[in-house]
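Note that the sequence shown ends on residue 238 in the working numbering; no numbers are left out.
C-beta: ideal position from N, C-alpha, C; glycine also.
Below is one structure, written out as structure tokens; comments come after it.
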Amino acid sequence: MSETILITGASGLLGRALVARFAAAGFQVLAQYHRHPGAPAAGVRWLAGDFSSPRSTTAFLRAQRRSLAQCAHVVHNYGPIAEKATVDVTGTDLLAAFQAQLQPALDITRFLLRAAPLRSVLFVAFEDCGRIRPFKKILGYAMAKNALLLLGRSLAAVHPQVRFSVFSPPSLAGAALLPPAARPVAPARVAERIFRIMRRCRSGCHYRFQATAGKNPPRRNTHG
Ligand SMILES: NC(=O)c1ccc[n+]([C@@H]2O[C@H](COP(=O)([O-])OP(=O)(O)OC[C@H]3O[C@@H](n4cnc5c(N)ncnc54)[C@H](OP(=O)(O)O)[C@@H]3O)[C@@H](O)[C@H]2O)c1
15 MSETILITGA SGLLGRALVA RFAAAGFQVL AQYHRHPGAP AAGVRWLAGD
65 FSSPRSTTAF LRAQRRSLAQ CAHVVHNYGP IAEKATVDVT GTDLLAAFQA
115 QLQPALDITR FLLRAAPLRS VLFVAFEDCG RIRPFKKILG YAMAKNALLL
165 LGRSLAAVHP QVRFSVFSPP SLAGAALLPP AARPVAPARV AERIFRIMRR
215 CRSGCHYRFQ ATAGKNPPRR NTHG
């Protein structure tokens, strides 16, 4: 029987590529979207969900309880970026960033640990995850994405039966916001890396994408 995977943010740039890749491999894909469901496709079920508050995330989990009960894998791909000059950042901005990046990821994971035969979880981070450096415009986003790394490592330690990974993608070709020195990579290539990681990865590892993959072996960092 084919395995079921939940992909959040599935109607976005990377999400669409992930849906296509996992569906092509024969997975039953539960594809969460907010306002723009993707095109119907074999093996793909589009599920509406709003993760803007803990209450709306809970409403999604309740409404989709039956479908999610089959879920063996999840890619937490939802993770909106918000730009604000660091000199203007407030505590409220930091809380909003943590709400967006962490609350749905943790609450959905906890739900699936209880209600589904969960075997692997992958958090989508960003290219500077695990690096301590100053940020001029995306401080809240960077802090919260780094917290995903700690979350993944810590959940891996207390749930050894589930494989937890944190994957740091490069800038995506077609993204609205790109850093000045970005070397964007096609979402389909990034989705392929995530697909392979979910097939092979060991618990608690942090993978960094390398655009030159093929010439050099991919680097794998472990952050303790
Ligand atoms: N873009 C990059 O260059 C880049 C670089 C590094 C890391 N990343 C990370 O990669 C992941 C995917 O990024 P992306 O650029 O592909 O995303 P994206 O294209 O902006 O997609 C956003 C997704 O989130 C959904 N969404 C929006 N508001 C929502 C809400 N309130 N509740 C639930 N879902 C909502 C959207 O649904 P609808 O479209 O249906 O509204 C869509 O599926 C993110 O975690 C991001 O931080 C991106």
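Contacting residues, own chain, Cβ-Cβ under 7 Å from residue i (five flanking each side not counted)
| i | result |
| --- | --- |
| Val103 | Leu153, Gly154 |
| Asp107 | Lys98, Gly154 |
| Asp142 | Ala156 |
| Leu61 | Leu44, Ala45, Gln46, Gln78, Ser81 |
| Gly238 | Since pLDDT at Gly238 reaches only 29, below the 50 mark, its modelled position is unreliable, and no value is offered. |
| Leu162 | Gln115, Leu116, Ala119, Phe137, Ala139, Val180 |
Contact check, residue i vs residue j, beta carbons under 8 Å
| i | j | result |
| --- | --- | --- |
| Lys159 | Gln115 | yes |
| Ser182 | Ala119 | no |
| Phe178 | Leu164 | no |
| Leu186 | Val176 | no |
| Ala83 | Ala24 | no |
| Ala86 | Thr18 | yes |
| His90 | Leu136 | yes |
Residues that DSSP places opposite residue i in a beta bridge
| i | result |
| --- | --- |
| Tyr47 | Ala62 |
| Arg177 | Ser134 |
| Val199 | Leu186 |
| Thr18 | Gln42, Cys85 |
Same chain, Cβ closer than 8 Å to residue i, neighbours up to 5 away in sequence not counted
| i | result |
| --- | --- |
| Arg124 | none |
| Val204 | Leu28, Ala31, Pro183, Pro184, Leu186, Phe223 |
Residues near residue i by beta carbon distance below 6 Å, same chain, minus five either side
| i | result |
| --- | --- |
| Gly228 | Because Gly228 sits at a pLDDT of 46, beneath the cut-off of 50, its placement in the model cannot be relied upon, and the following sentence gives the value as read from the coordinates. For Gly228, where only same-chain residues beyond five positions count, there are no Cβ hits under 6 Å. |
| Ala196 | Ser185 |
Contact with chain D by residue i, beta-carbon distance below 8 Å
| i | result |
| --- | --- |
| Glu141 | Note that chain D does not occur in the displayed structure, where there is just one protein chain. |
Expected contact under 8 Å - CB spacing of residue i and residue j to nearest Å
| i | j | result |
| --- | --- | --- |
| Phe209 | Ala39 | 7 Å |
- Message: If we require 4 or more residues per run, which alpha helix (DSSP H) segments fall completely within the stretch 74 to 131?
- Response: 79 to 82, 105 to 129
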